[in-house]
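Engineer: Numbering (my numbering), first residue to last: 1076 to 1381. The beta carbon of each residue, even a glycine, is placed where N, CA and C say it ideally should be.
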């Protein structure tokens, strides 16, 4: 689609006062300044295009609440986005950004931030200003630590940093008391971080594909609030004797046969893998395999609304 056709679509949307504008899957390489005329737009999707530079005109769209820029070729974060005080949902996955600017800390209304496969080496300390953030995905980057300001995100309840290079976590993670779901699959952990035992709402912990060899009974007992725990593809040799309180624990290798199905004295324990026919076990497998599937689902819903 050429530039004139794109401009025509944008102008028509502006004249109608559209609140939802979908410009995805159109091979767009550049956006004209007509984008600034979308003053009433609340949801803008530009995913799966060929944008090399983000449109600077985004900063004029002050009513914007949702912005999707997935699957482009962006090497810089959208300039001026910090001015979008109403922005609650930002997804800029699968772009070779390399870094995030300090401006991201100005997006204080954000509740969801999706930064999957962006070649990020670190996270700016200003992320600690996102005090309304509830969901954060940093899957498949080059991260090995969080800045200390990260541990100020008191409302964060869903966190994925799978496929990175973490070996340990700060004890300050215990400050994130709203966390209920954590996915840290395929990192470099040799032990289960003790800070998880201090998270009262944590129910799902995914640590598949790390380097864990042992799990102590004391650690498991301290994780009694967990209902789902994925430890597949680690190096665990012996199973602890107490799994009390945990509804589902996945161990062994992904794709292997069922290893065992044991229960404690109250019949509450099941050890399964991803080939089990149990619906809840399968659901957990899907959740841990695709920790950002929810991102795709929400994006698809957004596109269908147009």
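Of the residues 1208, 1149 and 1192, which one's Cα is nearest the Cα of residue 1164?
Structural biologist: Locating residue 1164 in the chain shown gives position 89, where the first residue counts as 1. Of the candidates 1208, 1149 and 1192, the one whose C-alpha sits nearest the C-alpha of residue 1164 is 1208.
Engineer: Whose C-beta lies closer than 6 Å to the C-beta of residue 1167 among residues of the same chain, with five residues either side of it excluded?
Structural biologist: What you label residue 1167 is simply residue 92 of the chain shown in a count that begins at 1. Closer than 6 Å at the Cβ level, and outside the excluded window around residue 1167, lie 1144.
Engineer: Can you tell which of 1260, 1256, 1301 and 1272 has its C-alpha closest to the C-alpha of residue 1284?
Structural biologist: In the chain shown, residue 1284 corresponds to position 209, counting from 1. The option with the nearest alpha carbon to residue 1284 is 1260.
Engineer: Buried or exposed for residue 1312, please, with buried defined as at least 16 other CB atoms from any protein chain shown within 10 angstroms of its CB.
Structural biologist: Working through the chain shown from its first residue, we reach residue 1312 at position 237. Exposed: under 16 other Cβ atoms inside 10 Å.
Engineer: Looking at C-alpha atoms only, which residue of 1290, 1288, 1256 and 1300 is the closest neighbour of residue 1281?
Structural biologist: Taking the chain shown and counting its residues from 1, the one referred to as residue 1281 is at position 206. Nearest of 1290, 1288, 1256 and 1300 to residue 1281, Cα basis: 1256.
Engineer: What first and last residue would you give for the alpha helix (DSSP H) that runs through residue 1187?
Structural biologist: Working through the chain shown from its first residue, we reach residue 1187 at position 112. That residue, residue 1187, is in no alpha helix (DSSP H); its beta strand (DSSP E) goes 1187-1189.
Engineer: Have a look at residue 1316 and residue 1125 and give me their C-alpha separation to the nearest angstrom.
Structural biologist: By one-based count along the chain shown, residue 1316 stands at place 241. By one-based count along the chain shown, residue 1125 stands at place 50. One C-alpha to the other measures close to 54 Å.
Engineer: Measure the C-alpha to C-alpha separation of residue 1093 and residue 1182 and round it to an integer number of angstroms.
Structural biologist: Residue mapping note: residue 1093 aligns to position 18 of the chain shown, counting from 1. Residue mapping note: residue 1182 aligns to position 107 of the chain shown, counting from 1. Taking the straight line joining both Cα atoms gives about 23 Å.
Engineer: When the distance is taken between beta carbons, is residue 1134 closer than 8 Å to residue 1156?
Structural biologist: What you label residue 1156 is simply residue 81 of the chain shown in a count that begins at 1. What you label residue 1134 is simply residue 59 of the chain shown in a count that begins at 1. Yes, the pair counts as a contact, with Cβ atoms nearer than the cut-off.
Engineer: Helix or strand or just coil, what does DSSP make of residue 1230?
Structural biologist: Taking the first residue of the chain shown as position 1, residue 1230 is located at position 155. Here residue 1230 sits in coil by DSSP.
Engineer: Less than 8 Å between the beta carbons of residue 1252 and residue 1275, yes or no?
Structural biologist: Position 177 of the chain shown, counting from 1, holds the residue named residue 1252. Position 200 of the chain shown, counting from 1, holds the residue named residue 1275. Cβ distance < 8 Å, so residue 1252 and residue 1275 count as in contact.
Engineer: Taking all protein chains shown into account, do 16 or more other C-beta atoms lie within 10 angstroms of the C-beta of residue 1326, making it buried, or fewer, making it exposed?
Structural biologist: Here residue 1326 refers to the residue found at position 251 when the chain shown is read from its first residue. It counts as buried.
Engineer: Rounded to whole angstroms, what's the CA-CA distance from residue 1141 to residue 1291? Just pull it up for me.
Structural biologist: For the purposes of this step, residue 1141 is identified with residue 66 of the chain shown, where counting begins at 1. For the purposes of this step, residue 1291 is identified with residue 216 of the chain shown, where counting begins at 1. C-alpha separation (whole angstroms): 44 Å.
Engineer: Please list, in chain order, all residues of the same chain as residue 1178 whose beta carbon is under 6 Å from its beta carbon, the five residues on each side excluded.
Structural biologist: Counted from its first residue, the chain shown places residue 1178 at position 103. Same-chain partners within the cutoff: 1157.
Engineer: Who are the Cβ neighbours of residue 1129 in its own chain at under 6 Å, not counting the five residues just before and after it?
Structural biologist: Locating residue 1129 in the chain shown gives position 54, where the first residue counts as 1. Counting only Cβ-Cβ distances below 6 Å, and skipping sequence neighbours, we find 1149 and 1153.
Engineer: Just to confirm the assignment, what range does the beta strand (DSSP E) spanning residue 1293 have?
Structural biologist: Your numbering for residue 1293 matches position 218 in the chain shown. That residue, residue 1293, is in no beta strand (DSSP E); its alpha helix (DSSP H) goes 1292-1297.
Engineer: Under 8 Å, do residue 1234 and residue 1218 count as touching if we go by C-beta distance?
Structural biologist: Within the chain shown, the letter at position 159 stands for residue 1234. Within the chain shown, the letter at position 143 stands for residue 1218. Cβ distance not < 8 Å, so residue 1234 and residue 1218 don't count as in contact.
Engineer: Taking the DSSP output, what are the residues bridged to residue 1258?
Structural biologist: Taking the first residue of the chain shown as position 1, residue 1258 is located at position 183. DSSP lists 1235 and 1281 as partners of residue 1258.
Engineer: Should residue 1118 go down as buried or exposed, given a rule of 16 or more other Cβ atoms within 10 Å for buried?
Structural biologist: Numbered from its first residue, the chain shown carries residue 1118 at position 43. Buried: at least 16 other Cβ atoms inside 10 Å.
Engineer: Kindly give me the distance between the Cβ atoms of residue 1226 and residue 1263, rounded to whole angstroms, as I take these residues to be in contact under 8 Å.
Structural biologist: The residue you call residue 1226 lines up with position 151 of the chain shown. The residue you call residue 1263 lines up with position 188 of the chain shown. That belief does not hold up - the Cβ atoms of residue 1226 and residue 1263 are roughly 20 Å apart, past 8 Å.
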